[in-house]
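Structure first, then comments.
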Amino acid sequence: MKKGEDPVETVKREAIEEIGFSLNVGEFIGKAEKHWVSPQYSTLSQHNIGYFYVCTLADKIAVPLEKEPMRWVSLEIVEENLFHEHHLYMLKKTLH
Numbered sequence: 017m018k019k020g021e022d023p024v025e026t027v028k029r030e031a032i033e034e035i036g037f038s039l040n041v042g043e044f045i046g047k048a049e050k051h052w053v054s055p056q057y058s059t060l061s062q063h064n065i066g067y068f069y070v071c072t073l074a075d076k077i078a079v080p081l082e083k084e085p086m087r088w089v090s091l092e093i094v095e096e097n098l099f100h101e102h103h104l105y106m107l108k109k110t111l112h
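Written as structure tokens, this is what we have:
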């Protein structure tokens, strides 16, 4: 999140930047946090906060800034590859 930006503004901005679509942001699912120390930066404590919303794609309005290919994947692939466990927790909480 950028300074002064609320979570809904952030998810809308990130969607445009990363996938080029505007979003319809719906229900707030929850907030999950993770604290850790990275082996790469052992003197710094990391703190990741995730805000989760039900969203639907709206219109294609921009060319994505991100160049990595995007695709829909199964929950099993997400489980194997998602870096932040608290993101997976919220996804499973929502789907089950």
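Residue numbers for the sequence shown follow the numbering used here, beginning at 17 and rising by one.
Even glycine gets a Cβ: it sits at the ideal position worked out from N, Cα and C.
Every value quoted in this text rests on a predicted model; they were computed, and no experiment measured them.
**Report entry** Sequence-distant residues of its chain with Cβ nearer than 6 Å to Glu-33 (five each side left out)
**Finding:** Counting only Cβ-Cβ distances below 6 Å, and skipping sequence neighbours, we find Leu-81.
Report task. Quick one: residues in its chain with C-beta nearer than 6 Å to the C-beta of Lys-47, no 5 flanking neighbours on either side, listed in chain order? Result -> The beta carbon of Lys-47 sits closer than 6 Å to the beta carbons of Tyr-67 from its chain, once the five residues preceding and following it are set aside; these are given in chain order.
Query raised in the report: In terms of DSSP beta bridges, what is Ser-58 paired with?
Result: Its beta-bridge partners do not exist; DSSP assigns none.
**Report entry** Inter-residue spacing [alpha-carbon to alpha-carbon] between Thr-72 and Glu-96
**Finding:** 24 Å
Requested in this report: Please work out which residues of its chain come closer than 8 Å, Cβ to Cβ, to Ser-54, disregarding the five sequence neighbours upstream and downstream, and give them in chain order.
Outcome: Non-local C-beta neighbours of Ser-54 in its own chain, meaning closer than 8 Å and more than five positions away in sequence, comprise Leu-60, Gln-62, ordered along the chain.
Requested in this report: Given a cut-off of 7 Å, decide if Val-70 and Leu-43 are closer than it, judged by their beta-carbon atoms.
Outcome: Per the sequence presented here, residue 43 reads as Glu, with Leu not at that position. In contact: Glu-43 and Val-70 (Cβ atoms closer than 7 Å).
Query raised in the report: Comparing alpha-carbon positions, which option in Phe-37, Val-41, Val-24 lies nearest Val-79?
Result: Selection Phe-37, Val-41, Val-24 evaluated against Val-79 yields Phe-37 as nearest (Cα-Cα).
Requested in this report: Quick one: measure Cβ to Cβ for Ile-35 and Met-86, integer angstroms, because I've assumed they're closer than 8 Å.
Outcome: 6 Å
Query - For Ile-77, the first and last residue of its enclosing alpha helix (DSSP H) - result: First-last for Ile-77: undefined, no H or E at that position.
Requested in this report: Would you mind sorting Leu-39 into buried or exposed? The rule is 16 or more other CB atoms within 10 Å of its CB.
Outcome: The residue in question, Leu-39, is buried, as its Cβ has 16 or more Cβ neighbours within 10 Å.
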